[in-house]
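Written out below as C-alpha cells is the structure these notes cover.
Protein chains: 4
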Amino acid sequence: MAYFQSQPRAGRHFLQIPGPTNVPDRVLRALDNPTMDHRGPDFGILGSRILAKLQPVFGTTQPVIIFPASGTGAWEAALVNTLSPGDRVLMCETGWFAHLWEEMAGRLGILSELIATDWRRGADVAAIEARLRADTGHTLKAVCVVHNETSTGATSRVDEVRRAIDAAGHPALLLVDTISSLGSIAVQHDAWGVDVTVSGSQKGLMLPPGLSFNAVSKKALAAAETAGCARSFWDWRPMLAANATGYFPYTPATNMLYALDTALDMLNEEGLDNVFARHDRHAEATRRAVRAWGLEVQCEDPRHYSSALTAVRVPEGTSADGLRSTILQKFNMSLGNGLGQLKDRVFRIGHLGDFSDLALMGTLSGVEMGLRAAGVPHKDEGVRAAMDYLAGNA
Amino acid sequence: MAYFQSQPRAGRHFLQIPGPTNVPDRVLRALDNPTMDHRGPDFGILGSRILAKLQPVFGTTQPVIIFPASGTGAWEAALVNTLSPGDRVLMCETGWFAHLWEEMAGRLGILSELIATDWRRGADVAAIEARLRADTGHTLKAVCVVHNETSTGATSRVDEVRRAIDAAGHPALLLVDTISSLGSIAVQHDAWGVDVTVSGSQKGLMLPPGLSFNAVSKKALAAAETAGCARSFWDWRPMLAANATGYFPYTPATNMLYALDTALDMLNEEGLDNVFARHDRHAEATRRAVRAWGLEVQCEDPRHYSSALTAVRVPEGTSADGLRSTILQKFNMSLGNGLGQLKDRVFRIGHLGDFSDLALMGTLSGVEMGLRAAGVPHKDEGVRAAMDYLAGNA
Amino acid sequence: MAYFQSQPRAGRHFLQIPGPTNVPDRVLRALDNPTMDHRGPDFGILGSRILAKLQPVFGTTQPVIIFPASGTGAWEAALVNTLSPGDRVLMCETGWFAHLWEEMAGRLGILSELIATDWRRGADVAAIEARLRADTGHTLKAVCVVHNETSTGATSRVDEVRRAIDAAGHPALLLVDTISSLGSIAVQHDAWGVDVTVSGSQKGLMLPPGLSFNAVSKKALAAAETAGCARSFWDWRPMLAANATGYFPYTPATNMLYALDTALDMLNEEGLDNVFARHDRHAEATRRAVRAWGLEVQCEDPRHYSSALTAVRVPEGTSADGLRSTILQKFNMSLGNGLGQLKDRVFRIGHLGDFSDLALMGTLSGVEMGLRAAGVPHKDEGVRAAMDYLAGNA
Amino acid sequence: MAYFQSQPRAGRHFLQIPGPTNVPDRVLRALDNPTMDHRGPDFGILGSRILAKLQPVFGTTQPVIIFPASGTGAWEAALVNTLSPGDRVLMCETGWFAHLWEEMAGRLGILSELIATDWRRGADVAAIEARLRADTGHTLKAVCVVHNETSTGATSRVDEVRRAIDAAGHPALLLVDTISSLGSIAVQHDAWGVDVTVSGSQKGLMLPPGLSFNAVSKKALAAAETAGCARSFWDWRPMLAANATGYFPYTPATNMLYALDTALDMLNEEGLDNVFARHDRHAEATRRAVRAWGLEVQCEDPRHYSSALTAVRVPEGTSADGLRSTILQKFNMSLGNGLGQLKDRVFRIGHLGDFSDLALMGTLSGVEMGLRAAGVPHKDEGVRAAMDYLAGNA
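If you're matching them up, the sequences are chains E, V, D and C in order. The numbering of the first sequence is full-length UniProt numbering, which starts it at 1 and goes up by one. The numbering of the second sequence is full-length UniProt numbering, which starts it at 1 and goes up by one. The numbering of the third sequence is full-length UniProt numbering, which starts it at 1 and goes up by one. The numbering of the fourth sequence is full-length UniProt numbering, which starts it at 1 and goes up by one.
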C-alpha cells in the first residue's frame with residue numbers, strides 16, 4: 001500500500017496515471033540512503049558520474065543541468081535563461097500542458113503567439129514553418145514545443161519542427177518539453193538541434209517528482225549571456241561552473257540524486273532501445289484494446305501516437321471522471337483525468353516507466369471491468385485484443 | 001525487480017507461487033528497521049503485543065509459540081513436543097506436503113500409518129473415523145492433517161476431522177498444518193479442537209520465510225510433559241516461560257517480529273473476514289478461468305477447493321514445467337510446479353497473501369498468454385471468464 | 001555507509017555539517033514509499049494534514065507554503081512575491097548566507113542596503129532601528145534577516161528586530177530566513193510579526209534537501225498583490241488556492257511530503273519545547289568543549305549563540321580545512337567549512353536535527369582526536385568538559 | 001529510532017550489546033527486497049554465490065551449511081548430526097554460553113563432562129589434553145569449545161585445543177562455537193582442524209538474527225553417517241545435496257540470504273584482515289578505558305582477550321544492572337548484562353560488527369557518564385585513555 005490510504009486495500013495500488021509512474025523498488029532503496037555531505041570529496045565523484053550518465057538519455061554530448069525542483073521549474077528555467085521580458089515566442093498549443101507553458105511565459109513577461117491544434121495531434125509543422133517564413137524581421141525568439149503532450153497522448157515530431165525552422169531560415173531557439181517522453185520515447189537533443197530540452201524525474205526516469213532538467217545547446221548558452229529575464233535559482237551559469245567538478249552551487253536534492261544514479265543504471269542495463277521498444281509495444285497493445293472496446297483514441301494521427309500514455313475518449317453522455325472514480329474505488333487503480341477542454345471527456349492510461357506486460361494486462365483488465373461497472377457503453381473485447389497482440393510478439 | 005535477477009526485467013516480478021507470497025511494501029519497511037536489544041525493557045512490550053495479536057489469527061485464546069525458523073521447523077516442533085520415538089500416528093496423505101511430513105516423522109522415529117487419497121481432494125474423514133474406531137487399543141497417538149495441501153490446492157475439513165475423532169471416541173491428538181492457509185482461509189484452533197496448529201510466516205501472513213508457529217492446546221501441553229522425543233531448540237516449555245513476559249529463551253528473529261507486528265496490523269485493518277472473503281473471491285475467479293481454458297482443476301471436490309491456490313492440470317502430452325518456463329521467460333511470472341506424482345502434470349497459481357483483483361488479472365493474463373506461447377491446447381476464454389465474475393461482484 | 005563512498009568505511013558516517021543533518025531511519029522509511037497520485041482523493045487528505053501540522057512548527061496560524069525545491073528557492077520566493085524590481089531592502093549582513101541572499105536580491109533586480117557586522121554576532125538591532133528611523137520616506141520595502149547564520153553560528157534576535165521596526169514606525173516587511181533554525185531553535189512567525197519566514201527541509205526538520213517553505217503574513221499576502229517581480233513557479237497565489245483542499249498547483253515532491261509528515265510526527269512526539277531544550281544542551285556542551293580545547297567560538301555574543309551549530313576558530317597559522325580533511329580521512333566525520341572571509345579560519349560543528357548525547361560525544365571525540373592528529377595547538381580537555389556538563393544534567 | 005520504543009528518543013539507539021550488532025544500512029536495504037521464488041532458476045545462481053563467499057569467512061574450502069534458524073539451532077545441529085544418544089562429550093565451561101550448550105546436549109541425551117574455568121579466561125588447554133590422554137578407551141566422542149565466550153569476553157585458543165587433541169592422539173571430534181567471533185576475530189576452520197564450526201548471523205556478520213551455520217569437515221560428515229540422534233530439520237545430508245546446485249531442501253530465509261550476500265560483500269571490500277585489525281584496535285581502546293576508570297576487565301589472561309566484546313566488573317557493592325539501566329534511560333544505549341554467576345557483577349560492551357572509532361567513543365562516553373550518573377566509584381579517565389590510544393594510531 002501507499003504511504004497513506006484512507007481505507008485499507010490489499011495488494012499494490014496500480015498507479016497508471018501518465019506520471020508520476022511506479023517507482024521501482026531498487027530506486028526507492030537508493031532514495032532512502034543516508035544523506036551525504038554535498039560539499040565533501042565523495043560528492044564530486046558521484047555528481048560527475050551522474051551528469052555523465054544523463055547525457056546519453058537526452059541524446060546529447062552537451063551539458064544537462066539538474067534542478068532540485070519539480071518539472072514545472074525546468075519550464076521556467078528554459079524561458080528565463082534564454083529570453084527577455086517582452087520577447088515573442090511561438091507556442092504550439094497541442095494540449096493542456098502546452099497551454100500551461102504558454103500561461104507561465106505570460107506571467108514571466110514573455111509574449112506568446114499560439115499555433116493551435118484540435119488537441120488530437122502533435123504540433124502543426126507546416127503552420128510553424130509558414131509562420132516563421134512570414135516573420136521576416138525575426139521577432140520570434142523561440143519556438144516552444146511539448147514533445148509528448150501528456151494531456152492528449154500525442155507526440156510531436158521534433159525532428160520535423162527542426163527541419164521547418166531550418167527551411168524557414170529562422171534563427172529562433174527551439175525549446176522542447178520532454179517531461180513525459182524522456183526515458184520512454186527517444187529524445188535526440190543534439191540530432192534534432194534542440195536548444196533547450198526540458199524534462200523531469202517522475203515519468204520515464206522512474207523517480208519520484210522532485211528533480212528537473214535542462215539540456216542546453218551552445219546557442220542557448222549564448223542566448224543566456226544576453227537574456228534579460230531576472231533569475232537566480234534557475235540561472236544556468238553558476239550551475240555549469242559548479243557542475244564542472246560534480247558539485248552544485250546550492251544544496252542539491254541529494255537523495256533524489258542517489259535515485260537518479262540508480263535509475264540511469266537500470267535504463268542502461270535494459271538498454272535504451274529496448275526501453276523504447278517496450279513502450280511502443282505496450283502503447284500498441286493499449287490502442288488495440290481501446291478500439292476493441294469500441295472507444296476512440298484521443299490522438300487521431302498515427303504518426304503522433306504516444307508510446308507513453310493513451311488518452312481515451314468516452315462516449316457522449318458518459319462521464320470519464322465517474323468511470324475513473326469507479327475504477328479507483330472498485331479496483332484500486334488511478335488513471336489520469338481529462339484536462340481543460342477534455343475535462344470529463346477522456347481518461348488517460350499511463351503505460352510508461354517501470355512497466356511490464358502483466359502489469360499492463362492488470363491495468364487494461366481494470367479498465368474493462370470498470371467500463372462495465374460504471375455502465376459505460378463498450379464491448380468487452382479490449383483485454384482480449386491486447387493479449388492477442390502481446391502474446392503474438394512476447 | 002528482485003534483489004537478484006540474472007537478466008534485467010522491467011516492472012515487478014509476479015511471484016504467484018503458493019508462497020512465499022508478495023510481501024507488502026509496508027511489511028518490508030518494518031522488516032528493515034534497526035535490530036533492537038532482545039533483552040531490553042522495550043522488547044518485552046513489543047513481544048507481548050505480538051503474541052496477543054497472533055492469537056485471533058489462529059482462532060485461539062491459548063498460547064501461540066513463535067520459532068525463529070522456517071515452517072518445516074514447526075512441523076518438527078509439533079511432533080517432538082508431543083510424541084515419543086516408536087509412537088504411531090495417523091497421517092492423511094493428501095499430497096506432497098503431507099508426504100513430506102510423514103517422511104519427517106519417520107526420521108524422528110515416529111511410525112506413520114497412511115490414509116491415502118488420490119491427491120485430488122482433502123483428507124478422507126470417513127476413513128479416519130473408521131480407522132480410529134478400529135484402534136480400540138488407542139495405539140494411535142495423533143492424527144496429522146495438512147489443512148491446505150499446497151501441492152494440490154485441496155483444503156481439508158478440519159472441523160469434520162475433529163468430529164470424526166470425537167465420534168470414534170478416540171484420545172488421539174489432532175495436529176494440523178496450516179502453513180499455507182493461515183491468514184488466507186479461516187483457521188479455528190479452539191473451535192475445531194486442534195491440539196497443535198503448525199504454521200509459517202511466508203504465505204497468508206505476508207512475511208518473508210523465517211518464522212514458524214505452534215498454537216498449542218492444554219492437551220498438547222500435557223502431552224509435552226511426557227513426550228519422549230529429545231528436544232531443545234523446539235522445546236515449548238522454556239518458550240512459554242519466557243513468553244509470559246514477552247521474551248524468548250534464545251535470540252529471536254527480531255526483524256521478522258517487526259514484520260509480523262506490522263502484518264498483523266494490516267490483517268486487522270482489513271478485517272479477517274474480509275481477508276478470507278477476498279481469497280474466496282479470487283479463487284473462484286481463478287477456477288472459472290481454468291474451466292474456460294478447457295483445463296481441469298486438480299481438486300475434484302468443490303467442498304475442498306482451496307482459496308489460497310489453484311493447481312491446474314495440463315492436457316496429456318504437454319509439459320506443465322515447459323509452460324512455467326515459457327511464462328517465466330516471456331512474462332516474468334513465477335508459478336508453482338507439480339510435486340511428486342504431479343511433477344510436470346500441474347502448475348499451481350498462488351492467489352494468496354497481499355493480492356488484488358488487478359494483480360489476479362495480470363496473473364491470469366500471463367497464464368493465458370503463456371498457454372498460447374507454449375502451444376498448450378486451450379481456449380482463450382479464461383481471462384474473460386474471470387473478469388465476468390470479478391466485475392459482477394466487485 | 002552512505003549511498004556512495006569512494007573507499008569502504010566501517011560504521012556510519014558522522015554527518016556533522018550544519019545541514020543536511022542525519023535523517024532518522026523512520027523518516028527514510030517514509031521517504032521510500034511508493035509515489036501516489038497527487039490528484040487523487042487520498043492526496044488531499046494527506047496534504048491537508050501536513051499543512052496543518054506545519055503551522056505550529058513555524059509558530060503560526062497563517063499559511064505555510066511548501067515548494068518542491070531546495071531552500072535557496074524559498075529565498076527567491078520570499079523576494080519575488082513581495083517586491084518589485086528597483087525596490088530597496090535592508091539586509092543584515094551577519095555572514096555568508098546573508099551575503100548570498102543579498103547577492104540573489106541583486107540578481108532579481110532588488111537593491112540592497114547592507115548593515116554589516118563583524119560576522120561574530122547576530123543582526124545589529126540598534127543599527128536597523130537607526131536606519132529605519134532615518135528612512136522617513138519609507139523607501140526601504142523590507143528588512144531581511146537570517147535568523148540563524150549557518151556560516152558563523154550566530155542567532156539573531158528576531159523579536160528585537162521586530163521591536164526596532166515598530167519603534168521606528170516603519171512599514172517595511174520583515175523577511176526572515178530560518179533555514180537552519182526551524183525545528184531546532186524556536187521560531188515564532190506570528191508572535192514576532194514576521195511577514196515571510198523562509199525555511200528548508202534538510203536541517204531541524206530532519207529531511208533530505210528538496211523542500212522549502214514560506215510562512216506568510218496577511219501583510220505579505222497584500223504585498224504579493226502588487227509586487228512587480230515576474231514569477232510563476234514561486235507564485236504564492238495558485239499555491240494558496242490549491243492548498244485550501246490539500247493539493248498543489250503543479251506536481252509536488254510527493255515522497256518528500258511523506259517524509260515531512262513523519263518528521264512532523266516525530267517532533268510532536270518529542271515535544272517542540274523538548275526539542276529546543278535538547279539543542280540548547282548540546283550547543284552548551286559543545287561550547288564548553290571548544291573553550292576547554294583553548295579555542296574560540298566564532299560567535300562572541302552569548303545572547304546570539306546558536307543552538308544549531310558552533311563555528312570554531314582555529315589558531316593563527318593552522319588550517320581549518322586541513323583539520324577537516326584529517327578528521328574526514330581518519331575518523332569518517334564531515335564538518336562544515338569556513339565560508340567567505342572565514343575560509344580556512346573556522347570549522348563548523350553541526351549539532352542539530354536528530355541527535356543525541358552519545359552522538360555528540362562521538363562528534364567531539366572526533367574533533368579532539370583530529371586536533372591532535374592534525375597538529376593543531378590545543379588542550380585535550382574538550383571531551384571531558386562536555387561530559388562534565390552532559391553528565392551533570394542528563 | 002528502532003521499530004518500537006516505549007518513549008520517543010532523538011538520535012539513533014546505541015546497540016552495544018555483544019550482539020545482535022548494529023546492522024549496516026546497506027544490509028538492511030538488501031534485507032527488504034521482495035522475496036523471490038526459492039525454486040526458480042535465478043535462486044540457484046544466488047545461492048551458489050553466497051555459499052562460495054561464505055567459505056573464506058570460515059577459513060575453509062569445505063561445505064558451510066546455512067540454517068534458516070537463529071544461532072541456538074546451529075548448536076543443536078552440530079550435536080545431532082555427529083553424536084548418538086548416550087555419547088559422552090568434553091565441554092569446556094568458559095562461561096554462560098558454554099554452560100547453555102552443555103545444558104542443550106543434556107536435553108538431547110548426550111552426556112557432558114565439564115572442564116571448568118573461573119570464567120575469567122578461555123578453555124583450559126592443558127586440562128583438555130590431560131583428560132583426553134586419560135581417556136584411553138576413547139569414550140569421549142567430541143570436544144566442545146566456545147571460541148569467543150560472549151558472557152565473559154574471553155577468546156579460547158582453538159589452535160591450541162587442536163594441538164592438545166592431536167598430542168593426546170585422541171580421535172574426538174572438535175566442535176567450536178564461533179557465534180560471537182566469526183567476522184570479528186579470525187576463524188580458521190581448516191587450519192585449526194575443526195570438525196564443526198557453529199555460527200550465527202547477528203554478530204560479526206552484521207545481519208539481524210535468523211540464520212545460523214555449520215561448517216563441516218570430512219570427519220564430521222563421516223560421523224553424520226552413523227550418528228544416532230534423530231534429526232530432520234537439522235540434517236546435513238539433504239542440505240548438502242540441495243546446496244550442490246545452490247538450492248535448499250526446504251524453504252530458506254530468502255530475505256536473510258539477500259542480507260548475507262551483501263554483508264559478505266562488505267567484509268570483502270574492507271578486507272577480512274582489516275576487519276580483524278579494526279576489532280583488535282577497538283578492543284584495546286576499550287580495555288584501556290576500563291583500566292583508566294579503575295575497573296577490572298573480566299578476562300584476566302591477555303592471551304584470551306576478546307576483540308569482540310569486553311566484560312567489565314563493577315566494584316563490590318554496586319549493581320551492574322543498575323548502571324545499565326541508568327545508561328539506557330539517560331543515554332539511550334543498551335549494554336550486555338552479566339549472566340549466570342556474573343549476574344549484576346559485570347556489564348558487557350559490544351564493540352563488534354559494523355563499528356567505528358567515533359561510535360566507540362560515543363559508547364565509552366556513555367559508559368563514563370553513566371558511571372558518574374549511577375554513582376559507581378571510578379575515575380573519569382577512561383574516555384581520555386581510549387582517545388590517547390586511538391588518536392595515536394588512527
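Cβ coordinates follow ideal geometry from the N, Cα and C atoms, glycine included.
My assumption, with CB atoms under 8 Å, is that residue i sits in contact with residue j. Please give the rounded CB distance.
i, j, result
"residue 353 of chain C", "residue 22 of chain C", "6 Å"
"residue 205 of chain D", "residue 175 of chain D", "Incorrect: roughly 20 Å between the Cβ atoms, too far for contact."
"residue 338 of chain E", "residue 347 of chain E", "7 Å"
"residue 277 of chain V", "residue 373 of chain E", "Actually they are not in contact, since the Cβ atoms of residue 277 of chain V and residue 373 of chain E sit about 18 Å apart, beyond 8 Å."
"residue 386 of chain V", "residue 286 of chain V", "7 Å"
"residue 463 of chain C", "residue 63 of chain C", "The structure shown does not extend to residue 463 of chain C, since chain C is modelled only from 1 through 394, so no value can be given for it."
"residue 327 of chain D", "residue 370 of chain D", "4 Å"
What separation, rounded to the nearest whole angstrom, lies between the Cα atoms of residue i and residue j?
i, j, result
"residue 219 of chain D", "residue 173 of chain D", "8 Å"
"residue 199 of chain E", "residue 72 of chain E", "9 Å"
"residue 88 of chain V", "residue 126 of chain V", "20 Å"
"residue 4 of chain E", "residue 29 of chain D", "13 Å"
"residue 229 of chain C", "residue 107 of chain V", "10 Å"
"residue 296 of chain C", "residue 247 of chain E", "51 Å"
"residue 384 of chain V", "residue 42 of chain D", "31 Å"
"residue 18 of chain E", "residue 111 of chain E", "29 Å"
"residue 231 of chain V", "residue 155 of chain V", "31 Å"
"residue 189 of chain V", "residue 223 of chain V", "17 Å"
"residue 98 of chain D", "residue 180 of chain E", "38 Å"
Residues bridged to residue i by DSSP?
i, result
"residue 333 of chain E", "E:14"
"residue 200 of chain E", "E:212"
"residue 323 of chain V", "In DSSP, residue 323 of chain V forms no bridge with anything."
"residue 155 of chain V", "V:148"
"residue 173 of chain E", "E:142"
"residue 311 of chain V", "V:348"
Residues of the stretch 90–112 of chain E with a CB closer than 7 Å to any CB of chain D: list them in chain order, please.
104, 107, 108, 109
Proximal residues, the stretch 17–51 of chain E versus chain C, C-beta separation under 9 Å
25, 26, 29, 30, 32, 33, 34
Where are the alpha helix (DSSP H) runs, 4 residues long or more, that stay fully inside the stretch 341–386 of chain V, in chain order?
As for any alpha helix (DSSP H) of minimum length 4 sitting wholly inside the stretch 341–386 of chain V, the runs are 357–373, ordered along the chain.
Jot down the residue ranges of each uninterrupted alpha helix (DSSP H) in the stretch 85–142 of chain E, minimum 4 residues, whole runs only, in chain order.
96–107, 125–134
With 9 Å as the limit, tell me which residues of the stretch 339–369 of chain E have their beta carbon closer than that to any beta carbon of chain V; keep them in chain order.
353, 354, 355, 356, 357, 358, 359, 360, 361, 362, 363, 364, 365, 366, 368, 369
Contact set between the stretch 247–277 of chain V and chain C, restricted to residues whose Cβ is under 8 Å from the partner
Near chain C, meaning a CB-to-CB distance below 8 Å, the residues of the stretch 247–277 of chain V are 250, 251, 252, 253, 254, 255, 256, 258, 261.
What residues in the stretch 118–152 of chain E bring their beta carbon closer than 8 Å to a beta carbon of chain V?
none
In chain order, what are the residue ranges of uninterrupted alpha helix (DSSP H) at least 4 long that sit wholly in the stretch 205–274 of chain V?
Taken in chain order, the complete alpha helix (DSSP H) segments of 4 residues or longer contained in the stretch 205–274 of chain V are 218–226, 236–243, 254–270.
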